[in-house]
Amino acid sequence: MSYQYESAQKQTKYQQWTPGSAPTVIETFDVNQQAESLRTWHQQYDQISDGEFFGKLTELTLMGVHVFKEETEQALQQDCEVCSDSFWLGLPVPTSSTSRVNGLEVENNKIICRPGGIAFELTTPEHFEIFGIVLSQSDFHAIADRHDIALPKALFDTPRIQLPPKVLQQAQYLLDHVLKSRDLRPPDHLQYDLICLMLLDIFDQYSLVSTQTSGFKHRKKVVDQVRGYLHDNKDRPISVTELCELANVSRRTLQYSFMTVLGMSPLQYLRLSRLNAVRRALQANHAQRAVGEIASEWGFWHLSQFSSDYKRLFGECPSMTKRIQ
1 MSYQYESAQK
11 QTKYQQWTPG
21 SAPTVIETFD
31 VNQQAESLRT
41 WHQQYDQISD
51 GEFFGKLTEL
61 TLMGVHVFKE
71 ETEQALQQDC
81 EVCSDSFWLG
91 LPVPTSSTSR
101 VNGLEVENNK
111 IICRPGGIAF
121 ELTTPEHFEI
131 FGIVLSQSDF
141 HAIADRHDIA
151 LPKALFDTPR
161 IQLPPKVLQQ
171 AQYLLDHVLK
181 SRDLRPPDHL
191 QYDLICLMLL
201 DIFDQYSLVS
211 TQTSGFKHRK
221 KVVDQVRGYL
231 HDNKDRPISV
241 TELCELANVS
251 RRTLQYSFMT
261 VLGMSPLQYL
271 RLSRLNAVRR
281 ALQANHAQRA
291 VGEIASEWGF
301 WHLSQFSSDY
311 KRLFGECPSM
321 TKRIQ
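For what it's worth, full-length UniProt numbering labels the leading residue of the sequence shown as 1, then goes sequentially.
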């Protein structure tokens with residue numbers, strides 16, 4: 001995978017410290033390039049906090065196990081899907097703000113787990129860091145079976161599990177060490193064994209987090225219905241009253257549903273998602289269409305207001321956004 005980010009000042013950077021299985025580091029200055037950086041993932045990121053973007057991905061593959069650390073400076077709404085027949089564990093680094101998976105908060109001592117081939121959503125705060133481990137589901141079960149650890153089906157159905165604080169701290173310490181080591185690296189099989197031992201600790205000591213309440217399921221259904229409607233009606237103004245009638249809920253319920261699931265109001269979501277869609281269209285603008293033409297396709301009819309909102313969110317004027325090759 002390779003990119004050329006057309007900018008006079010910023011260039012996506014790739015660095016590999018030593019040949020072989022040393023960590024690779026990718027630094028990006030664009031939210032969409034960050035989304036494309038994780039190999040074998042299908043992702044789309046929307047930036048939802050104001051300012052220039054900076055992201056970093058440090059990754060390493062050891063005997064089929066993909067280990068990484070992702071760092072992002074701006075808050076993001078992420079649509080993700082891990083490659084099929086795999087399993088992902090996500091270990092957020094504790095911050096003052098919590099992340100969400102499928103609208104559910106991931107508090108301290110909780111980690112995210114998602115099987116491959118199933119789409120899910122992440123909402124992450126500013127200055128966010130997360131460790132990730134991706135391995136095949138067959139390897140996942142084989143590691144557990146070798147040590148007579150039974151993995152219930154519910155583990156693949158729940159987006160969050162809880163760990164004892166010490167187990168989580170030790171896991172994060174190991175992953176950080178593996179990804180930071182530059183010189184005198186242990187052989188791959190020893191690092192792989194350490195990661196397997198860490199996974200065994202997680203398998204042996206995790207606890208399932210309580211299931212969603214009926215109230216949350218209803219709020220999530222409202223949000224999903226509204227988001228689908230907004231996507232299908234991208235080029236025209238939409239009022240809160242219209243959305244309330246669509247979902248058959250009050251303004252208060254609509255507002256509360258969005259704040260609970262996405263951490264933002266319906267109007268904030270509408271504006272931010274459309275601004276991000278325009279940015280992706282500008283970066284794919286191989287026909288060199290005018291900015292105003294693309295913006296109007298997403299319901300931005302007042303070009304000066306659109307340009308002001310765009311610059312506030314992304315830290316640059318829309319005319320400065322260049323194509324990604």
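Beta carbons are placed, not taken as given, at the ideal position from N, Cα and C, and that holds for glycine.
{"query": "Any 3 or more C-beta pairs closer than 8 Å across the region 270 to 290 and the region 21 to 37", "result": "yes"}
{"query": "Boundaries (first-last residue) of the beta strand (DSSP E) holding ASP79", "result": "76 to 81"}
{"query": "Local Cβ density within 10 Å of HIS66, reported as buried at 16 or more and exposed below that", "result": "buried"}
{"query": "Under the three-state DSSP convention, the category TYR5 falls into", "result": "Bear in mind that a pLDDT of 39 at TYR5, under 50, signals an unreliable position, so the number given afterwards is only what the model happens to contain. Three-state result, TYR5: strand."}
{"query": "CB contact flag (GLN172, PHE131, <9 Å)", "result": "yes"}
{"query": "Buried or exposed by the 16-neighbour rule on C-beta atoms within 10 Å, applied to residue 353", "result": "Nothing about residue 353 can be reported from this structure: the residues present for the chain run from 1 to 325 only."}
{"query": "Nearest-angstrom Cα separation, counted from ASP148 out to GLN47", "result": "43 Å"}
{"query": "First and last residue of the uninterrupted beta strand (DSSP E) at CYS113", "result": "110 to 115"}
{"query": "Alpha-carbon to alpha-carbon, GLN78 and GLY90", "result": "14 Å"}
{"query": "The ligand ZN heavy atom lying under 8 Å from the CB of GLU126", "result": "No copy of the ligand ZN appears in this structure; indeed no ligand is present at all."}
{"query": "GLU107, buried or exposed, once every other Cβ within 10 Å from all chains shown has been counted against 16", "result": "exposed"}
{"query": "Simplified DSSP assignment, three categories, for GLY292", "result": "helix"}
{"query": "Best match in MET63, GLU59, THR24 for proximity to PRO187 [C-alpha to C-alpha]", "result": "MET63"}
{"query": "Inter-residue CB distance, ILE143 and LEU199 (contact presumed, cutoff 8 Å)", "result": "6 Å"}
{"query": "Nonlocal neighbours in the same chain, by C-beta distance under 6 Å from PRO115, ignoring five residues either side", "result": "PHE87, PHE156"}
{"query": "Backbone secondary structure at GLY51 - three-state DSSP", "result": "coil"}
{"query": "Whole-angstrom distance between LYS311 and SER296, CA atom to CA atom", "result": "17 Å"}
{"query": "Selected residue, minimal CA-CA separation from PRO94, among ASN109, ALA290, HIS302, ASP224", "result": "ASN109"}
{"query": "Buried or exposed by the 16-neighbour rule on C-beta atoms within 10 Å, applied to ALA75", "result": "buried"}
{"query": "Proximity of VAL101 and THR40 at Cβ, strictly below 9 Å", "result": "no"}
{"query": "Proximal residues to THR72 (C-beta, below 7 Å), its chain only, five neighbours per side dropped", "result": "GLN34, GLY55, THR124, PHE128"}
{"query": "Spatial distance of TYR3 from THR24 (CA atoms)", "result": "Confidence at TYR3 is low in this model, with a pLDDT of 36, below 50, so its placement is unreliable and no value can be given for it."}
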